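One point on numbering: in our numbering, the residue at position 173 of the sequence shown is 486, and numbering is uninterrupted. We treat Cβ as the ideally placed atom computed from N, Cα and C, and that holds for glycine. Quick caveat: nothing in here was measured; it's all calculated off a predicted structure. Okay, structure first, notes after.
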Amino acid sequence: MINSKIFSLINFDKYIYLIIITNILSILLLSDTTSLNFGLISLQSLFYCLNSYLFVLFIIFETTSAYLDFYGLTLNFVQLTLTNPKNHNLYFDLYILLANLKYFIYLLLNLFFLFFAENLFNLFKPIFIKKKLFFFVSLIVIFFILFTIFKQRYSATFEKISIRILKKITYIKKGNFVRNDNWYIVLKNTINYSDLDNNLFDFSFRESFKDIENTNNIYIVINESYPNFRDKETKEKLLTVLKSNLQNIEITNYKKNWSKNYSTQGAEMELFCDKKGTWKQFKTDFNYFLKKNDCWINTFSKRHNIFIHSWNKKSFDRSRYGSGSPPFFDELYFKENLLKMNYSICNKSIYYDGICESEIINKLLYKIKKINKNKLIVYLTVENHIPLNLLNKKDLLCDYYPLNLHPQFCSLYNNQLKFNGDLNKFINQLSPNDLLVFFSDTPPLFSLRDRIHFEDYIDVFFFRKKN
314 MINSKIFSLI
324 NFDKYIYLII
334 ITNILSILLL
344 SDTTSLNFGL
354 ISLQSLFYCL
364 NSYLFVLFII
374 FETTSAYLDF
384 YGLTLNFVQL
394 TLTNPKNHNL
404 YFDLYILLAN
414 LKYFIYLLLN
424 LFFLFFAENL
434 FNLFKPIFIK
444 KKLFFFVSLI
454 VIFFILFTIF
464 KQRYSATFEK
474 ISIRILKKIT
484 YIKKGNFVRN
494 DNWYIVLKNT
504 INYSDLDNNL
514 FDFSFRESFK
524 DIENTNNIYI
534 VINESYPNFR
544 DKETKEKLLT
554 VLKSNLQNIE
564 ITNYKKNWSK
574 NYSTQGAEME
584 LFCDKKGTWK
594 QFKTDFNYFL
604 KKNDCWINTF
614 SKRHNIFIHS
624 WNKKSFDRSR
634 YGSGSPPFFD
644 ELYFKENLLK
654 MNYSICNKSI
664 YYDGICESEI
674 INKLLYKIKK
684 INKNKLIVYL
694 TVENHIPLNL
704 LNKKDLLCDY
714 YPLNLHPQFC
724 SLYNNQLKFN
734 GDLNKFINQL
744 SPNDLLVFFS
754 DTPPLFSLRD
764 RIHFEDYIDV
774 FFFRKKN
């Protein structure tokens with residue numbers, strides 16, 4: 314049992330000890346987070362190191378925020394994932410944990426040094442008092458032995474670390490000594506994004522659909538993690554496959570922001586109701602959400618409405634889209650339903666092995682197209698959910714920038730190339746006065762460092778078949 318003295322309100326020796334420990338661990342294990350770009354010593358640690366309970370609370374908060382900071386997300390994303398255990402894919406959660414294992418180690422080591430503080434004091438205090446010289450000499454010798462071994466065996470890594478340390482020292486010498494924790498930065502981003510995200514692009518589904526309400530059939534395709542590369546040549550190759558050889562098709566292109574708060578569910582929420590309503594309403598009662606907020610999508614409530622998702626219906630409880638009396642969607646197709654209809658699974662995503670998108674486009678959409686009613690079809694893909702199973706590079710052209718920068722980039726690009734080609738063929742088969750809307754839910758959620766190669770906005774394409 315942990316000694317109750319650990320949780321004493323204020324102990325000056327322990328206070329200094331915790332400040333030193335948590336800041337050293339931050340420097341060693343959180344060096345790639347935003348917080349460490351601004352200084353060395355955490356300003357907030359001067360507060361929460363006063364008390365052990367506060368220390369535990371804020372270290373957990375800091376660890377969580379380090380993961381969010383890594384992917385450029387806000388604290389609202391935590392609310393999204395915690396509202397229902399069914400929202401989780403445990404294998405993907407484990408992947409996220411292990412991909413940044415040093416953040417979790419940061420948490421464990423902080424707790425270790427807190428809970429065993431007295432034991433460590435009792436162990437080192439006699440050595441320090443009685444054998445100061447021997448103690449310091451031993452530390453110096455051990456340090457130089459480890460330093461020499463590391464430098465010889467890992468010269469490239471050593472050079473990178475040396476450059477990083479020199480840059481940090483130069484930065485601190487300029488007066489950047491104190492920093493804000495990641496939790497403070499992420500909390501500030503959460504507050505700022507709540508106001509600013511909606512204003513980055515002046516896009517509204519209601520306004521975009523205003524002049525085309527009398528369209529016959531409407532197909533809306535939400536593409537999981539569309540790789541909207543900033544490199545113009547790579548981006549254009551994907552768009553060329555999507556747009557080439559379209560006959561009698563009018564194309565309109567808009568831009569909109571993506572939801573750093575609610576990710577894919579944020580994209581769906583915006584599709585149905587633009588910026589109206591609350592997340593709580595949306596996740597609790599879909600029909601009530603639509604009626605309460607006078608959502609623009611209600612314009613199409615009298616149509617034959619169909620929702621398709623190539624992943625499980627339990628994920629974020631999307632089966633709720635078919636609830637209510639009457640339900641907004643008349644038919645719903647999920648992985649479970651499509652397997653019973655003899656559709657195949659494509660193992661392109663490591664942790665999201667959904668129905669093959671090519672089969673949904675080339676079979677299901679054509680089947681639905683034959684239904685003799687005015688329809689609204691919303692189709693959400695999952696195939697490009699990172700991390701992906703890597704394709705054989707020998708069969709691909711990926712030896713150029715930026716596809717050669719990351720093994721996932723090449724697979725992501727080639728998967729999207731195939732999807733765009735299939736979608737292009739379907740667009741060409743639209744009936745007169747039909748409309749297909751195509752956009753992504755989010756950019757590929759790589760780390761901020763890798764996501765620099767992708768646009769931080771979403772392209773929305775309207776493909777309308779002229780009469």
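Alpha carbon of residue i to alpha carbon of residue j, nearest angstrom
i           : j           : result
residue 760 : residue 348 : 15 Å
residue 778 : residue 380 : 44 Å
residue 383 : residue 591 : 26 Å
residue 691 : residue 582 : 12 Å
residue 693 : residue 753 : 9 Å
residue 408 : residue 567 : 34 Å
residue 330 : residue 455 : 22 Å
residue 767 : residue 549 : 13 Å
residue 663 : residue 537 : 14 Å
residue 422 : residue 544 : 41 Å
residue 715 : residue 697 : 18 Å
Counterpart residues of residue i in DSSP-defined beta bridges
i           : result
residue 622 : 693
residue 492 : 355
residue 668 : 658
residue 646 : 621
residue 640 : 637
residue 653 : Its beta-bridge partners do not exist; DSSP assigns none.
residue 767 : 542
residue 688 : 617
residue 701 : 662
Alpha helix (DSSP H) segment containing residue i, residue limits
i           : result
residue 772 : From DSSP, residue 772 is part of no alpha helix (DSSP H) but of the beta strand (DSSP E) over 771–778.
residue 428 : 414–428
residue 753 : Note, residue 753: premise wrong, no alpha helix (DSSP H); beta strand (DSSP E) at 748–753.
residue 720 : 720–741
residue 339 : 325–342
residue 593 : 592–597
residue 377 : 365–384
residue 744 : That residue, residue 744, is in no alpha helix (DSSP H); it is neither H nor E in DSSP.
residue 585 : 576–586
residue 525 : Taken as a continuous stretch (DSSP letters only), residue 525 belongs to no alpha helix (DSSP H), as it is neither H nor E.
residue 679 : 678–682
Residue j beta carbon less than 8 Å from that of residue i
i           : j           : result
residue 332 : residue 359 : yes
residue 557 : residue 728 : no
residue 531 : residue 689 : yes
residue 579 : residue 623 : no
residue 661 : residue 701 : yes
residue 268 : residue 775 : Look at the range of the chain in this structure, 314 to 780, and you will see that residue 268 is not part of it.
residue 773 : residue 569 : yes
residue 554 : residue 730 : yes
residue 634 : residue 599 : yes
residue 780 : residue 746 : yes
residue 595 : residue 618 : no
residue 339 : residue 355 : yes
residue 496 : residue 771 : no
Enclosing beta strand (DSSP E) for residue i [first to last residue]
i           : result
residue 569 : 562–569
residue 535 : 531–536
Nearest neighbour of residue i, chosen from the options [CA to CA]
i           : options            : result
residue 602 : 584, 618, 563, 645 : 584
residue 361 : 350, 374, 351      : 374
residue 645 : 665, 528, 620      : 620
residue 527 : 496, 615, 497, 597 : 615
residue 427 : 415, 371, 767, 387 : 371
residue 328 : 368, 342, 739, 681 : 368
residue 377 : 415, 553, 554      : 415
residue 491 : 730, 634, 350      : 350
residue 757 : 726, 523, 733      : 726
residue 499 : 523, 627, 406, 388 : 388
residue 686 : 586, 643, 609      : 643
residue 587 : 522, 386, 751, 651 : 522
The ligand ATP heavy atom lying under 7 Å from the CB of residue i
i           : result
residue 657 : Among the ligands in the structure shown, none appear at all, so the ligand ATP cannot be discussed.
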